[in-house]
Amino acid sequence: MLRELNADPEKRFFIYHINENGLRAAIVPKGENPNDIAVKNSFMTNGKIEWFSTKEHPCLYE
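Using the working numbering, read the sequence shown as starting at 450 and increasing by one per residue.
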């Protein structure tokens with residue numbers, strides 16, 4: 450899934466979060482703050498915002 454998001458023909462920016470329910474990704478529209486998108490999507494751990502760029506996932510480089 451992450452490889453597909455990173456190969457997006459529109460070159461959109463995606464973030465992801467992993468919790469007990471698995472991995473969830475969200476698009477960050479141009480001009481928006483990724484932290485705001487993370488809060489809207491409940492990308493939180495222990496009450497703190499936690500997200501990663503889909504380009505940073507280590508499995509992409511195996």
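By construction, the Cβ of each residue, glycine as well, lies at the ideal position given by its N, Cα and C atoms.
Give me the Cβ distance between residue i and residue j, rounded to the nearest whole Å; I'm assuming they're in contact under 8 Å.
i: glutamate 481; j: phenylalanine 492; result: Rounded, the Cβ-Cβ distance is 14 Å, inconsistent with contact.
Please state the DSSP three-state secondary structure of residue i.
i: asparagine 455; result: helix
i: lysine 489; result: helix
i: lysine 504; result: helix
i: asparagine 482; result: coil
i: glycine 496; result: coil
i: arginine 461; result: coil
i: asparagine 470; result: coil
Please return the same chain residues whose Cβ sits closer than 8 Å to the Cβ of residue i, not counting the five positions on each side in sequence.
i: isoleucine 464; result: Ala474, Ala475, Val477, Pro483, Ile486, Ala487, Phe492, Trp500, Phe501, Ser502, Thr503
Counting only the same chain and skipping the five closest in sequence on each side, list residues whose C-beta sits under 7 Å from that of residue i.
i: leucine 472; result: Tyr465
i: leucine 454; result: Phe463, Ala474, Thr503
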